[in-house]
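In this note's numbering, the protein residues as written are 191 to 356.
Given below as structure tokens:
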């Protein structure tokens, strides 16, 4: 069924959700738009705010309070942005990754977000996984390595909002 229309047509954007809202982030070098929908109601998205700069091929994840967006093209960004999911407004600088990357995957539980894989500026596929504590701001730290390098992959977690988990 048709749910609604996007405010901005974009490609290679990322998404995340809180308990009640879904978000789409960016989509190319000139699109910094954060779009929001209400999950329980059909309808068009609205402009919620902006990323700190336009980019695509990012990793995104959210808990019940914050949504984060990390990395991206065109310049294999180190940037991590965050916003409070319940209020509108522009995203704010959270910190930096240890490795600039494009096309990583992002997942989280209530407290920790992970950014994994992707491609570095030399077109090398990455195996590194980085971690951030969602409730604080600051730079990512090394969390480990994946068994195989991957980019442009999907991710998910066993924890969501207030539905249980670890």
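Glycine included, C-beta positions come from ideal geometry on N, C-alpha and C.
Here the structure is a predicted model, which is why all the values come from computation and not from measurement.
With residue i as the anchor, note down where its beta strand (DSSP E) starts and where it stops.
i, result
"residue 225", "223 to 228"
"residue 326", "Element bounds for residue 326: n/a, residue is neither H nor E."
"residue 215", "211 to 215"
"residue 334", "331 to 335"
"residue 286", "282 to 286"
"residue 237", "236 to 240"
"residue 266", "Neither: residue 266 is in no beta strand (DSSP E) and is coded neither H nor E."
"residue 259", "256 to 260"
Expressed to the nearest angstrom, what Euclidean distance is found between the alpha-carbon atoms of residue i and residue j?
i, j, result
"residue 353", "residue 299", "Here the model assigns residue 353 a pLDDT of 49, short of 50, so the residue's position is not dependable, and the following value carries that caveat. Residue 353 and residue 299: Cα-Cα distance of roughly 11 angstroms."
"residue 237", "residue 200", "13 angstroms"
"residue 253", "residue 209", "8 angstroms"
"residue 212", "residue 228", "6 angstroms"
"residue 306", "residue 225", "24 angstroms"
"residue 340", "residue 312", "15 angstroms"
"residue 206", "residue 257", "7 angstroms"
"residue 363", "residue 336", "Residue 363 lies beyond the residue range present for the chain, which begins at 191 and ends at 356; the question has no answer from this structure."
"residue 280", "residue 274", "9 angstroms"
"residue 284", "residue 327", "5 angstroms"
"residue 332", "residue 219", "27 angstroms"
"residue 296", "residue 344", "8 angstroms"
Could you check which residue in the options has the C-alpha nearest to that of residue i?
i, options, result
"residue 319", "274, 281 and 260", "260"
"residue 188", "309, 196 and 194", "This structure gives no information on residue 188, because the portion of the chain shown stretches from 191 to 356."
"residue 292", "191, 215 and 262", "262"
"residue 323", "192, 233 and 271", "271"
Does the ligand GTP have a heavy atom nearer than 8 angstroms to the CB of residue i?
i, result
"residue 268", "This structure lacks the ligand GTP; in fact it carries no ligand of any kind."
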